[in-house]
Amino acid sequence: MGEVILQMIDIDKRFPGVHALNKVSFDVKRGEVHALMGENGAGKSTLMKVLTGIYTKDSGSIVFEGKEVEFHGAREAQDAGVVIVHQELNMVGHLTVAQNIFIGREFKKGIRIDDKKMNEEAAKLFEKLNINIDPTATMSDLTVGKQQMCEIAKAISHDAKVIIFDEPTAALTESEIEDLFKIIRDLRKQQMAIVYISHRMDEIKVITDRVTVMRDGCYVGTLVTEESTKDDIINMMVGRIIYEEPKTKSRVPDDAPVVLRVDHLNAGRMVQDVSFELRKGEILGFSGLMGAGRTETARAIFGADPKESGEIFVNGKKTVINSPEDAVKAGIGYLSEDRKRFGIVVQKTIAENTTMADLGNYMKGIFIDKKKEKKVAKEFVDSLSTKTPSVDQLVVNLSGGNQQKVVIAKWLCKNCDILIFDEPTRGIDVGAKNEIYKLMNKLAAEGKSIIMISSEMTEILRMSDRIVVMCEGKKTGELRIEDTTQEKIMNLATRDIN
Amino acid sequence: MGNRKIPAKLLKQEVIVFIVVIALLGFFCVASPDFRKYTTILTIMDYSYYIVLMAIGVSFPLITGGVDLSIGTGLVCYSLAGGYLIVHKGWPTGAAMVVSLLFGIIIGLINGILIGVMGLPPFLATLCTCMITRGLGSICSNNFGISWPTTGQPGSWFRSIFKLTIGDTKIPLGFVWVLLLAILMHFVLNHTKIGRYTIAIGSNKEAAILSGINVKFYHIMAYVISGFFAALASIAYSAVFATVLPGTGAGFELEAIGGAIIGGVSATGGAGSIIGTLIGVFVICLLKTGLPFIGLQANWQQIVTGVVLIGSVMVDIIKKRKESRK
């Protein structure tokens with residue numbers, strides 16, 4: 159390990175309603191893989207966004223190669239040699255591999271773009287990384303793993319000195335993960351400084367040299383990986399938070415009525431012949447890798463995407479769902495993983511968002527009864543303990559957890575009995591996470607039935623009564639919580655790929 | 318805190334624009350003695366009615382995040398169609414008006430279906446109906462200009478709706494109507510389902526769809542409202558001007574859209590105020606009427622109007638950027 163190349167000192171950052179970073183310090187050395195760990199919402203990604211200038215810090219300083227720096231935007235950081243490999247890959251699907259790698263700085267021959275030279279340069283990069291990818295292949299034809307390698311190649315081509323990997327394995331299969339680790343080890347040998355964000359404990363032990371743990375936007379501590387145990391790290395991550403007791407046994411009797419039955423559902427490549435049943439009061443977990451088709455299944459059931467075939471039975475009755483409107487009428491509510499895009503209207507008030515699906519019941523003649531609207535919104539704010547000064551608050555000013563509660567209120571207001579939670583705690587503060595869990599358990603106990611799509615293994619194991627596992631658009635298995643282990647889920651989740 | 322802040326801001330925009338209107342009035346009054354006449358007010362009013370009506374209507378597509386470019390040529394088309402029935406078919410004025418209004422609603426419906434159901438980009442869809450209405454207008458009138466009944470002729474009663482003559486005094490009565498309509502539509506935007514969902518489509522269409530809202534219907538309605546108000550504008554236009562010429566009308570929509578945006582309708586959708594739109598149109602009308610009094614002719618008016626528009630769109634963008642930075 160070499161000297162410290164990058165140091166972040168006392169970084170502070172606030173968003174409306176959230177103290178996202180509270181005097182966080184972090185450093186990374188040349189030739190080191192430094193893990194940045196913490197639960198969802200601990201502030202890992204925010205810290206890295208501050209580093210690369212996507213967010214501006216409120217206070218604190220960043221020292222890079224001995225000089226204090228402040229990058230304004232990813233471009234400046236890139237030029238200085240600090241590059242992020244994002245969790246969501248930033249690739250242009252219908253361009254070639256080489257065109258993607260050199261996008262924005264194409265080689266030119268006169269005024270013409272020199273594709274030949276770009277292909278050659280890309281090939282050289284791949285050679286250096288020991289990767290076998292054809293530079294002329296179209297990006298969208300590659301697997302997610304290969305695409306990620308291209309992203310890494312792109313990072314290297316920027317003369318990167320610090321590479322940040324943001325949950326790089328979330329969408330990868332076992333063998334792809336092995337390839338990735340090989341590349342990371344190579345980069346380490348070349349004295350690259352690597353920041354590795356992940357919450358998969360096993361990977362951390364295998365690939366990293368040091369671990370820094372964050373919690374609730376605060377710096378908790380840094381450990382040398384070799385000298386620490388999994389439990390040390392977990393304790394640092396979880397800290398004072400007491401989570402809902404994991405279920406050891408399903409609470410739902412086998413003869414509980416089936417409220418939703420999906421029969422041989424097909425919708426494109428991502429949903430192939432999916433069948434399952436959901437019982438009253440049950441939390442049915444949907445597990446799988448990123449891109450396994452879980453969200454697509456939910457969207458197809460909800461009528462947000464077209465179905466090719468398959469039948470849906472709600473409370474035993476065959477129900478045709480061709481649009482979200484139909485689904486809502488049948489009592490199904492969908493809470494998207496991307497709340498800001500699909501769940502809420504951020505520039506509107508809590509009251510307006512609450513009645514959005516059920517405005518018909520809040521009319522006085524042709525006019526909206528704003529008094530009644532506010533009253534019902536207030537009731538939900540109280541019963542869900544949403545933290546807000548008033549129901550006139552714009553949703554944009556709420557924290558992630560409270561925004562999620564507004565979406566829940568929207569569906570409860572509409573009296574939906576079947577709720578599909580897609581990544582219910584993504585982007586939610588650790589402290590607020592357990593509140594969402596409690597709320598889900600409460601809803602289930604009250605007789606609502608819940609489908610919970612989650613990529614977090616701990617969440618799946620903690621919340622589900624039963625678990626459906628998907629892989630590449632197919633259902634690969636179904637497990638009762640009492641005989642589920644992490645390994646069983648992982649095996650099912652990668653069954654088709656390996 | 319947040320909710321109080323934003324409407325206060327919007328209100329502020331309305332107030333600012335109102336102050337601009339007063340300032341412009343003051344400026345022109347000081348700069349030109351000829352401007353300080355009652356007839357000037359009459360001229361400004363005459364020019365304002367049809368633009369205000371179009372602007373009220375087009376605010377709805379704008380707030381959904383779209384646009385309606387067909388209202389200008391549409392206006393002329395509906396007016397020619399109604400006029401043709403009166404002049405050449407001997408229809409009573411009232412019946413012809415109904416036809417004009419229906420025509421406007423139908424074109425609005427077509428726009429709405431193209432955009433809301435078929436998914437055409439609003440710019441493209443309404444550009445097409447803009448061309449179509451221009452052609453239709455010329456066909457209706459057989460390429461000749463048409464005059465709705467002029468004062469004194471039978472069936473000319475509708476002209477007094479907008480300008481009432483008592484003795485020698487002319488009263489710009491139309492202002493009362495456009496003001497009432499603006500208040501009504503302000504209410505529709507803020508207190509009815511149509512208004513609420515128009516805004517929802519503009520701020521987050523996906524979320525609206527996933528909330529089970531019949532987004533297609535409300536998307537169509539925004540364009541129907543726009544078409545209907547373009548038709549109302551066509552009646553105002555026919556009442557104010559002596560002759561309606563086929564092939565004209567292109568460019569009217571830009572004044573209406575400009576007025577709406579100056580008045581605080583977000584150029585990217587999701588927010589707006591109809592009262593603001595009303596005031597915004599008067600900025601444009603004042604410039605149009607006032608600038609010649611200080612010696613700036615037509616070409617200059619357009620340049621000044623363009624610059625004012627850029628200014629108000631910039632304000633909108635800066636506001637948005639501040640919000641997203643938070």
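Chains as they are written, first to last, in this note's numbering: chain B, 159 to 656; chain A, 318 to 643.
Idealized CB from N, CA, C, for every residue including glycine.
Partner residues on chain A for residue i, Cβ-Cβ distance less than 9 Å
i	result
B:Leu570	Chain A residues near B:Leu570: none, gap ~13 Å exceeds 9 Å.
B:Met521	Thr509 and Lys510
Residue i vs residue j beta-carbon contact at 8 Å
i	j	result
B:Asn180	B:Gly375	yes
B:Gly211	B:Gly231	yes
A:Lys510	B:Met521	yes
B:Ile167	B:Lys215	no
B:Glu327	B:Leu345	According to the sequence provided, residue 327 of chain B is Thr. The question's Glu does not apply to it. No, Cβ-Cβ distance for B:Thr327 and B:Leu345 is not below 8 Å.
B:Leu287	B:Ala313	no
A:Thr560	A:Val393	no
B:Val240	B:Leu283	no
B:Phe434	B:Lys633	yes
A:Asn460	A:Pro563	yes
B:Leu564	A:Asn521	Note on identity: in this sequence residue 564 of chain B is Val, with Leu being the wrong assignment. Not a contact, by the Cβ cut-off of 8 Å.
A:Phe420	A:Tyr395	yes
B:Leu442	B:Asp623	yes
B:Glu469	B:Lys475	no
A:Ala525	A:Tyr514	yes
A:Gly607	A:Phe440	no
B:Lys388	B:Met359	yes
Rounded separation between residue i and residue j - CA only
i	j	result
A:Ala348	A:Gly472	41 Å
B:Leu418	B:Gly559	27 Å
B:Val300	B:Asn573	It should be pointed out that residue 300 of chain B corresponds to Leu in this sequence rather than to Val. Rounded to the nearest angstrom, the two C-alpha atoms are 43 Å apart.
B:Ile291	B:Leu650	28 Å
A:Leu426	A:Gly512	17 Å
B:Lys319	B:Arg497	35 Å
B:Gly489	B:Leu601	15 Å
A:Tyr554	A:Ala615	20 Å
A:Ser590	B:Arg437	48 Å
A:Pro489	A:Leu497	14 Å
A:Pro409	A:Leu549	17 Å
A:Lys322	B:Asn511	Its pLDDT being 47, under 50, A:Lys322 is placed unreliably by the model, and nothing is read from it.
A:Met318	B:Phe173	Confidence at A:Met318 is low in this model, with a pLDDT of 38, below 50, so its placement is unreliable and no value can be given for it.
B:Met621	B:Ser481	29 Å
A:Leu359	A:Gly452	32 Å
A:Leu437	A:Phe504	29 Å
B:Arg427	B:Gly461	17 Å
A:Tyr535	A:Leu431	13 Å
B:Glu161	B:Ser612	39 Å
A:Met371	A:Ile361	16 Å
B:Ser580	A:Ala398	The question names Ser, but residue 580 of chain B is Asp in the sequence shown. Distance between the alpha carbons of B:Asp580 and A:Ala398: 54 Å.
A:Val338	A:Val600	6 Å
A:Thr381	A:Gly586	5 Å
B:Asn656	B:Ala456	Annotation note: pLDDT 47 at B:Asn656 (below 50); position unreliable, coordinate value reported separately. Cα to Cα, B:Asn656 sits roughly 25 Å from B:Ala456.
Contacts that residue i makes with chain B (C-beta to C-beta distance below 8 Å)
i	result
A:His508	Phe525, Ile526 and Lys528
A:Arg513	Glu510, Leu517 and Ile526
Residue i: contacting residues in chain B (beta-carbon distance under 7 Å)
i	result
A:Gly587	Gln505
Listed by chain order, chain A residues near residue i by CB distance under 8 Å
i	result
B:Gly501	Ala524 and Leu527
B:Val486	Ser528 and Gly529
B:Glu483	Gly529, Ile530 and Asn531
B:Met648	Those do not exist, as B:Met648 stays about 31 Å from chain A at its closest Cβ, beyond 8 Å.
B:Met428	Neighbours of B:Met428 on chain A: none; closest Cβ ~18 Å, over 8 Å.
Chain-ordered neighbours of residue i on chain A, where CB pairs are closer than 7 Å
i	result
B:Ser494	Leu527
B:Met395	The contacting residues do not exist; B:Met395 stays about 29 Å from chain A at best.
| For the segment 183 to 215 of chain B, which residues have a beta carbon sitting closer than 7 Å to at least one beta carbon of chain A? | none
| Of all the residues that make up the segment 518 to 532 of chain A, which are near chain B by a beta-carbon distance shorter than 8 Å? | Cβ contacts with chain B come from Ser520, Asn521, Glu523, Ala524, Ala525, Ile526, Leu527, Ser528, Gly529, Ile530 and Asn531.
| Residues of the segment 328 to 361 of chain B whose Cβ lies closer than 8 Å to any Cβ of chain A, in chain order | Residues passing the 8 Å Cβ filter: none.
| Selection of the segment 573 to 596 of chain B by Cβ proximity to chain A, strictly under 9 Å | Of all residues in the segment 573 to 596 of chain B, none is placed with a Cβ closer than 9 Å to any Cβ belonging to chain A.
| field | Entirely enclosed alpha helix (DSSP H) segments - the segment 425 to 490 of chain B, minimum 4 residues | value | Fully enclosed alpha helix (DSSP H) runs of 4 or longer: 452 to 460 and 482 to 487.
| field | Complete runs of the alpha helix (DSSP H) confined to the segment 360 to 443 of chain A [at least 4 residues] | value | 388 to 406 and 410 to 429
| Which full runs of the beta strand (DSSP E) of 3+ residues lie inside the segment 571 to 604 of chain A, going along the chain? | none
| request: Pick out the complete alpha helix (DSSP H) segments inside the segment 572 to 615 of chain B, 4 residues or longer, and give them in chain order. | output: 588 to 603
| Of all the residues that make up the segment 451 to 469 of chain B, which are near chain A by a beta-carbon distance shorter than 7 Å? | Ala462
| said: Give the list of continuous beta strand (DSSP E) stretches no shorter than 3 residues that lie fully inside the segment 613 to 650 of chain B. | reply: 624 to 629 and 632 to 638
| Going along the chain, which unbroken runs of the beta strand (DSSP E) with 3 or more residues stay wholly within the segment 367 to 426 of chain B? | 368 to 373, 376 to 382 and 416 to 425
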